[in-house]
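Chemist:
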Amino acid sequence: MKRMMWAKITSLFIVFRMFQKRLRITQKLEVEFVARGRIWLLRFYMGKKGKWWIEYLLSEHSSPVHADTELQIQANKSPPGSGTPQHHSFYMYRSRTLVPEKLIHRLFHRNYYMDKETFPADAVRWPLDDWPMDNNNAYVDCDGALTARLKTTIK
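Numbering (this note's numbering), first residue to last: 14 to 168.
See below:
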């Protein structure tokens with residue numbers, strides 16, 4: 014008898030108003046939301062060496078979860094010579110167990126996970142180019158808003 018595994022899919026759209034202005038002032042922009050009984054954070058920030066990053070993680074009060082994630086930044090303009098906008102997509106390379114950061118440190122210090130392939134992650138991080146600060150980029154609309162679609166599959 015085969016056992017069926019059902020995946021729970023969460024998909025939502027997030028609009029960051031005054032995206033560039035907020036990043037220029039604070040160099041960090043985040044949104045916190047509740048989905049599937051957990052508190053999640055999606056963060057844009059300036060990392061070390063002056064590089065922009067996107068980070069997707071669980072709040073410290075959430076329980077661990079095994080997930081696949083896709084983030085798509087919606088394009089508002091078509092690239093030159095093209096009739097259709099090109100969205101910017103970010104994917105997890107493999108599904109991982111996401112664990113709040115404080116719990117990761119406890120697991121690491123107690124040596125619960127020795128294999129790097131199975132060690133849970135505290136966040137999913139994607140590097141960005143410099144486009145968030147470009148004045149005329151395809152992803153920030155004329156009002157300065159950036160729209161993203163986030164899809165998470167919980168296994």
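Note that the Cβ used here is the ideal one computed from N, Cα and C, for glycine as well. Keep in mind the model is a prediction, meaning the values are calculated, not measured.
#1: Could you please give me the residues that DSSP links to Val112 through a beta bridge?
#2: Around the Cβ of Ile167, are there at least 16 other Cβ atoms within 10 angstroms (buried) or fewer (exposed)?
#3: Identify the continuous alpha helix (DSSP H) that holds Leu36 and give its terminal residues.
#4: Output the boundary residues of the beta strand (DSSP E) element that contains Ser76.
#5: By a C-beta neighbour count over all protein chains shown, 10 Å radius and 16 as the cutoff for buried, is Lys55 buried or exposed?
#6: Can you give the Cα-Cα distance for Met17 and Leu159, rounded to whole angstroms?
#7: I'd like to check one pair, Ile27 with Ala161: are the Cβ atoms closer than 9 Å?
#8: Please classify Pro113 as buried or exposed, where buried requires at least 16 other C-beta atoms within 10 Å of its C-beta.
#9: Which of the three DSSP states, helix, strand or coil, is assigned to Pro140?
#10: Identify every residue that forms a DSSP beta bridge with Gln85.
Modeler: In short, the structure shows the following:
#1: In the DSSP output, where bridge partners are listed per residue, Val112 has none listed.
#2: Counting the other CB atoms within 10 Å of its CB gives Ile167 a total of 16 or more, which places it among the buried residues.
#3: First-last of the alpha helix (DSSP H) with Leu36: Phe32 to Thr39.
#4: Per DSSP, Ser76 belongs to no beta strand (DSSP E) and is neither H nor E.
#5: Note that residue 55 is Leu in the sequence shown, not Lys. When all chains shown are included, Leu55 counts as buried.
#6: Residue placement at Met17 is flagged as unreliable, the pLDDT there being 46, under the threshold of 50; a coordinate-derived value is accordingly withheld.
#7: In this structure, Ala161 lies near Ile27, with their beta-carbon atoms less than 9 Å apart.
#8: Counting the other Cβ atoms within 10 Å of the Cβ of Pro113 gives 16 or more, which makes it buried.
#9: Strand at Pro140.
#10: Per DSSP, Ser102 and Arg162.
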